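Each residue of the sequence shown is one higher than the last, beginning at 21 in my numbering.
All C-beta atoms in this analysis are idealised placements derived from N, C-alpha and C, irrespective of residue type, glycine included.
Note that the coordinates shown come from a computational prediction; the quantities given were computed from them, not determined experimentally.
These notes are about the structure you will find just below.
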Amino acid sequence: MGRIEESVEVSAPLDEVYGHWVRCEDFPRFMRGVVSVDVSGPGSSSWVVETAGGRREFKAVTTEVVEGERVAWDGGGTAPVRHSGVVTFHHVDDRTTRVMLQLEIEPHALWAHLAEALGFVDRRVIDDLNDFKRHVERSSGPAAG
């Protein structure tokens with residue numbers, strides 16, 4: 021099982037950053053790795069993502085929410101990759117929030133092992149976090165700096 025930990029500092033207040041994150045159905049509009057998200061009910065969503073190994077579909081279940089602080093989920097145990105994660109939001113100052121993402125990934129298929137070993141999964145996570153940062157900062161207007 022692999023562990024990915026990445027963070028990004030977003031030039032926006034914590035409550036605004038958190039609000040953008042929990043609207044995950046908007047992710048396909050600005051995250052290149054997310055094709056679609058269908059929120060099917062409280063704490064349940066269906067995802068289609070593009071990875072180095074191709075298109076992947078999974079259902080995610082939210083396992084913990086601490087309003088304004090953290091969101092954890094389980095992406096299920098379906099092949100080719102099982103994953104779970106948590107994202108936390110940290111107040112840096114009134115205009116800056118640190119977003120920290122931790123993923124536990126358990127590849128099952130050979131290509132999934134290879135993609136993880138070569139760092140493709142980590143690169144996709146970094147790119148998606150940076151896409152999120154740009155989206156929030158554009159959305160927050162002139163105060164984003």
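Exposed or buried, residue i, counting other C-beta atoms within 10 Å across all chains shown (16 or more means buried)?
i	result
Thr83	exposed
Ser64	exposed
Val91	buried
Val86	exposed
Asp148	buried
May I have the straight-line CA-CA distance separating residue i from residue j, to the nearest angstrom?
i	j	result
Glu136	Arg23	Low confidence applies to Glu136: its pLDDT is 49, below 50, so where it sits in the model is not reliable enough to give any reading.
Trp131	Thr71	With a pLDDT of 43 at Trp131, under the threshold of 50, the predicted position of this residue should be treated as unreliable, and no value is reported.
Ser75	Ser56	Looking at the sequence itself, residue 75 is Arg, so the reference to Ser does not match. C-alpha separation (whole angstroms): 11 Å.
Ser160	Arg154	10 Å
Leu123	Val107	9 Å
Ser104	Ile125	7 Å
Asp58	Trp93	15 Å
Ser27	Ser60	28 Å
Pro17	Gly39	Nothing about residue 17 can be reported from this structure: the residues present for the chain run from 21 to 165 only.
Phe109	Lys79	23 Å
Glu89	Glu25	17 Å
Asp114	Leu121	21 Å
Pick out whichever of the options has its Cα sitting closest to the Cα of residue i.
i	options	result
Val145	Val37, Phe47, Arg43	Phe47
Val30	Ile125, Val119, Asp148, Asp147	Val119
Gly53	Val28, Val59, Glu77	Glu77
Val69	His110, Arg49, Pro62, Gly61	Arg49
Gly96	Asp114, Arg43, Val81	Val81
Asp151	Leu34, Gly88, Trp41, Glu25	Trp41
Cys44	Glu25, Pro33, Ala32, Trp67	Trp67
Pro33	Thr117, Gly88, Phe109	Thr117
To the nearest whole angstrom, what separates the beta carbons of residue i and residue j, a pair I think is in contact under 8 Å?
i	j	result
Val156	Glu36	7 Å
According to DSSP, which residues form a beta bridge with residue i?
i	result
Trp93	Thr82, Gly105
Val68	Ser56, Glu77
His111	Thr117
Residue i CB to nearest chain C CB: under 8 Å?
i	result
Ser56	The chain inventory of the structure shown lacks chain C, comprising one protein chain alone.
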